[in-house]
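J.: Starting off with a structure, shown below.
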Amino acid sequence: MSVFDDRGPVPKIIWPENLNEKAGLLIAMKTISLLMGDSVYQDSQGLGVGVNYFGILPFPDLKLNGLTYFFLIPEKKARGQAYASTITILINEEDRIFFYENMKYLRIIIDKAATQIQKEKEFQAQKKIMDEIRNELFEFTQDLKDPLSTKRQLKIILSGLDKAGKSSFLLGIRRRYSEIIKSLPTKGVERTEENLFEEQNSQILIWDIGGQIKYRDRFLEESKMYLYNVDLVFFFIDIQDIERIGEALNFFRRITAKLVELNEYPPIIVCLTKFDPDLQGSKEIFKNLEIIADEVEKRSDKFLTKIFQTSIFDHWSLVTAYSYGLSRLSPNRELFRNQLEQFAKKTNSDAVLLLNENGIILSNFSKSEISERVFEISAPYFKNLYNTFREFKLLEQDFLVSSGIGDNSKKVIFKKIQAGKYNLYLLLFIEKSLEIEKIERNLPEFSKNLVELISTYI
1 MSVFDDRGPV
11 PKIIWPENLN
21 EKAGLLIAMK
31 TISLLMGDSV
41 YQDSQGLGVG
51 VNYFGILPFP
61 DLKLNGLTYF
71 FLIPEKKARG
81 QAYASTITIL
91 INEEDRIFFY
101 ENMKYLRIII
111 DKAATQIQKE
121 KEFQAQKKIM
131 DEIRNELFEF
141 TQDLKDPLST
151 KRQLKIILSG
161 LDKAGKSSFL
171 LGIRRRYSEI
181 IKSLPTKGVE
191 RTEENLFEEQ
201 NSQILIWDIG
211 GQIKYRDRFL
221 EESKMYLYNV
231 DLVFFFIDIQ
241 DIERIGEALN
251 FFRRITAKLV
261 ELNEYPPIIV
271 CLTKFDPDLQ
281 GSKEIFKNLE
291 IIADEVEKRS
301 DKFLTKIFQT
311 SIFDHWSLVT
321 AYSYGLSRLS
331 PNRELFRNQL
341 EQFAKKTNSD
351 AVLLLNENGI
361 ILSNFSKSEI
371 SERVFEISAP
381 YFKNLYNTFR
391 EFKLLEQDFL
401 VSSGIGDNSK
411 KVIFKKIQAG
421 KYNLYLLLFI
431 EKSLEIEKIE
441 RNLPEFSKNL
451 VELISTYI
């Protein structure tokens with residue numbers, strides 16, 4: 001346990017107690033400074049309710065990885081009336097998959113301990129709480145068959161009726177449009193692997209389930225095989241196939257019932273496919289959207305669900321839905337958003353978007369829905385323009401700038417950044433008067449923080 005008190009970030013409670021003093025200071029400084037940023041809460045605005053972040057941080061110098069929870073301990077004497085604090089569980093870096101595989105449980109026990117510590121000011125009382133965490137962790141690992149496996153395996157299910165657009169969705173994401181015309185209905189199950197980065201801690205397997213009735217029936221009959229240990233579900237409904245919407249919703253109900261039966265509660269992303277640009281003003285389509293939204297809400301009270309309207313003619317609609325689902329698998333999603341929010345404040349940006357080389361959205365932050373909408377419209381075009389300009393050496397400093405957005409006082413900036421060995425892209429919706437130099441000044445620290453987080457993104 002580390003605390004930012006009058007001395008700065010310091011380790012307060014350590015086990016084992018003979019941990020090297022420099023190591024303890026390094027852990028305290030890194031966990032608090034990275035998550036706190038420029039005094040997130042110390043702005044005389046009270047205790048900053050809801051200021052807490054979970055994430056996995058690497059400590060390469062110590063050959064350790066840490067699962068860290070950032071929270072505030074109320075203290076009237078402190079600046080901002082609270083001490084920034086972290087609880088960190090550390091394991092050998094080669095065993096870091098333990099965190100990914102057991103994130104739900106670990107979050108619960110750390111959050112519980114942090115809540116108790118917030119109410120206890122005495123050192124001995126706080127130490128007792130930390131001792132209880134340690135004992136609970138030891139008991140938990142003893143019950144696991146293989147607590148330290150080598151690689152996290154993630155299972156993503158794509159399901160829906162036949163001709164709902166599951167395979168086209170994946171081909172569209174990967175920009176293999178020529179294959180959409182030639183694609184045949186999925187027979188049984190097709191498995192593919194997803195790689196967000198060249199090196200990642202997880203093996204992401206996508207199971208594309210055939211939508212014809214015989215495959216749907218088999219899927220439900222053998223649901224233990226398909227749905228056990230599922231991490232994410234994409235469900236597809238063809239918004240143009242009006243006569244089969246009821247059939248699709250019935251299949252959705254049966255899947256959610258099976259998940260509850262198996263005690264599995266993955267995030268569910270509902271994609272309303274074939275929502276093509278020329279149909280977006282249709283009253284009948286709008287009515288169907290309302291029916292689907294109501295039914296999904298009714299059947300998903302135990303799940304985190306989100307509905308997206310997608311079309312293969314709108315690549316960004318596919319990317320947005322897919323990226324949102326993948327981001328739910330990252331234990332560091334809160335930390336990434338926090339970094340973007342801090343960068344937005346330093347550069348007076350209304351919105352910031354972070355993409356990988358394949359155009360997948362790793363994280364985003366926006367102050368308003370209007371800013372978010374600007375991104376939806378402009379992001380794919382900027383990436384294409386950037387690649388074209390870059391190819392013909394028409395760019396200076398890897399920047400692409402467009403002025404006169406919205407009320408003519410804003411500009412969109414597209415910037416390639418290097419985070420260690422990773423090429424990433426940054427999109428900013430920003431004040432027109434802002435100088436590029438200000439972004440450049442803040443990029444080194446921002447990139448450094450991303451390097452720390454990206455190796456444990458997923």
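If you read the sequence shown in full-length UniProt numbering, its first letter stands for residue 1, the second for the next number, and so on. For glycine and all other residues, C-beta sits at the position ideal for the given N, C-alpha and C. As the structure is a prediction and not an experimental result, all values here were calculated from the model.
In whole angstroms, what is the alpha-carbon distance linking Asn348 and Ile255?
T.: For the purposes of this step, residue 348 is taken as residue 348 along the sequence shown, with counting starting at 1. For the purposes of this step, residue 255 is taken as residue 255 along the sequence shown, with counting starting at 1. Taking the straight line from one Cα to the other gives about 45 Å.
J.: By the DSSP assignment, the alpha helix (DSSP H) with Tyr100 in it spans what residues?
T.: As a position in the sequence shown, residue 100 is number 100, starting the count at 1. Per DSSP, Tyr100 belongs to the alpha helix (DSSP H) from Ile97 to Glu101.
J.: Determine, using beta carbons only, whether Ile268 and Thr320 come nearer to each other than 8 Å.
T.: Taking the first residue of the sequence shown as 1, we reach residue 268 at position 268. Taking the first residue of the sequence shown as 1, we reach residue 320 at position 320. Cβ atoms of Ile268 and Thr320: not closer than 8 Å.
J.: With H, G and I counted as helix, E and B as strand and the rest as coil, what does DSSP make of Ser168?
T.: Position 168 of the sequence shown, counting from 1, holds the residue named residue 168. Three-state result, Ser168: helix.
J.: Three or more beta-carbon pairs under 8 Å between the stretch 13-26 and the stretch 124-134, yes or no?
T.: Yes, since at least three Cβ pairs between the stretch 13-26 and the stretch 124-134 fall closer than 8 Å, the two stretches touch.
J.: Which of the three DSSP states, helix, strand or coil, is assigned to Phe219?
T.: Numbered from 1 along the sequence shown, position 219 holds the residue referred to as residue 219. Helix at Phe219.
J.: With the cut-off set at 8 Å, would you say Thr88 and Gly55 are in Cβ contact?
T.: Along the sequence shown, read from residue 1 onward, the residue named residue 88 stands at position 88. Along the sequence shown, read from residue 1 onward, the residue named residue 55 stands at position 55. No. Outside cutoff.
J.: If you draw a straight line from the C-alpha of residue 459 to the C-alpha of Ile32, how long is it?
T.: As displayed, the chain neither begins before 1 nor continues past 458, which places residue 459 out of reach and without an answer.
J.: If you draw a straight line from the alpha carbon of Asn229 to that of Lys77, how long is it in whole angstroms?
T.: Position 229 of the sequence shown, counted from the first residue, corresponds to residue 229. Position 77 of the sequence shown, counted from the first residue, corresponds to residue 77. In a straight line, the C-alpha of Asn229 is about 47 Å away from that of Lys77.
J.: Which of helix, strand or coil does DSSP assign to Val270?
T.: Along the sequence shown, one-based indexing puts residue 270 at 270. Looking at Val270 - three-state DSSP - the assignment turns out to be strand.
J.: How would you write the range of the beta strand (DSSP E) that Thr88 sits in, first residue to last?
T.: As a position in the sequence shown, residue 88 is number 88, starting the count at 1. Start and end: Ala82 to Asn92.
J.: So the alpha helix (DSSP H) Asp238 belongs to, where does it begin and stop?
T.: Counting from 1 along the sequence shown, the entry for residue 238 is found at position 238. Premise fails: Asp238 lies in the beta strand (DSSP E), Leu232 to Asp238, not in any alpha helix (DSSP H).
J.: Taking the alpha-carbon positions, what's the Met225 to Thr273 distance?
T.: Here residue 225 corresponds to residue number 225 of the sequence shown, with the count starting at 1. Here residue 273 corresponds to residue number 273 of the sequence shown, with the count starting at 1. Each residue's alpha carbon lies about 27 Å from the other.
J.: Thinking C-beta only, is Phe365 closer than 8 Å to Arg337?
T.: As a first step, residue 337 must be located in the sequence shown, where it is residue number 337. As a first step, residue 365 must be located in the sequence shown, where it is residue number 365. It is a contact, given that the beta carbons lie within the stated cut-off.
J.: Could you give the C-beta distance for Glu136 and Ile109, rounded to a whole number, given that I count them as a contact under 8 Å?
T.: Start at 1 with the first residue of the sequence shown, and residue 136 comes out as number 136. Start at 1 with the first residue of the sequence shown, and residue 109 comes out as number 109. Indeed they touch by this definition, with Cβ atoms about 6 Å apart.
J.: Over the uninterrupted beta strand (DSSP E) stretch that includes Pro60, give me the two end residues.
T.: The sequence position of residue 60 within the sequence shown is 60, counting from 1. Note, Pro60: premise wrong, no beta strand (DSSP E); not H, not E.
J.: Using DSSP bridges, identify the partner residues of Asn364.
T.: By 1-based counting over the sequence shown, the position of residue 364 is 364. Partner(s): Leu353.
J.: Count the other CB atoms, across all protein chains shown, that sit within 10 Å of the CB of Ser44; report buried if there are 16 or more and exposed otherwise.
T.: The sequence position of residue 44 within the sequence shown is 44, counting from 1. The predicted position of Ser44 is uncertain, since its pLDDT is 37 and thus under 50; a value taken from the coordinates is nonetheless stated next. Label assigned to Ser44: exposed.
J.: Should Ile157 and Ile237 be called a contact, given that it needs their Cβ atoms to be closer than 8 Å?
T.: Indexing the sequence shown from 1 puts residue 157 at position 157. Indexing the sequence shown from 1 puts residue 237 at position 237. Contact flag unset, no.
J.: Which residues in the same chain have their Cβ closer than 7 Å to the Cβ of Asn92, if we skip the five residues on either side of it in sequence?
T.: By 1-based counting over the sequence shown, the position of residue 92 is 92. Around Asn92: Lys63 and Leu64.
J.: Going by beta carbon distance, what residues of the same chain come within less than 6 Å of Ser85, once the five residues before and after it are set aside?
T.: What you label residue 85 is simply residue 85 of the sequence shown in a count that begins at 1. Closer than 6 Å at Cβ, skipping near neighbours: Val3, Phe71 and Ile73.
J.: Excluding the five sequence neighbours on either side, which residues of its own chain have a C-beta within less than 6 Å of the C-beta of Glu120, listed in chain order?
T.: As a working note, residue 120 is residue 120 in the sequence shown. Counting only Cβ-Cβ distances below 6 Å, and skipping sequence neighbours, we find Gln126.
J.: Where does Trp15 sit, in a helix, a strand or coil, going by DSSP?
T.: Locating residue 15 in the sequence shown gives position 15, counting from the first residue. Of the three classes helix, strand and coil, the one that applies to Trp15 here is coil, per DSSP.
J.: Quickly, what does DSSP pair Arg134 with across the bridge? List them, please.
T.: Here the question's residue 134 lines up with position 134 in the sequence shown. Bridge partners of Arg134: none, in fact.
J.: Quick one, are the C-beta atoms of Ser202 and Arg152 less than 8 Å apart?
T.: Taking the first residue of the sequence shown as position 1, residue 202 is located at position 202. Taking the first residue of the sequence shown as position 1, residue 152 is located at position 152. Closer than 8 Å, so yes.
J.: Starting from the C-beta of Leu26, find all residues in its chain whose C-beta is less than 8 Å away, skip the five residues before and the five after it, and write them out in chain order.
T.: Your numbering for residue 26 matches position 26 in the sequence shown. Correct list, in chain order: Phe59, Asp61 and Leu62.
J.: Can you tell me whether Val260 is buried or exposed, with buried defined as 16 or more other CB within 10 angstroms of its CB?
T.: The count along the sequence shown starts at 1 and reaches residue 260 at position 260. Counting Cβ neighbours within 10 Å, Val260 comes out exposed, since fewer than 16 surround it.
J.: Could you please give the first and the last residue of the uninterrupted beta strand (DSSP E) stretch that includes Gly246?
T.: Taking the first residue of the sequence shown as 1, we reach residue 246 at position 246. No beta strand (DSSP E) holds Gly246; the alpha helix (DSSP H) holding it covers Ile245 to Glu261.
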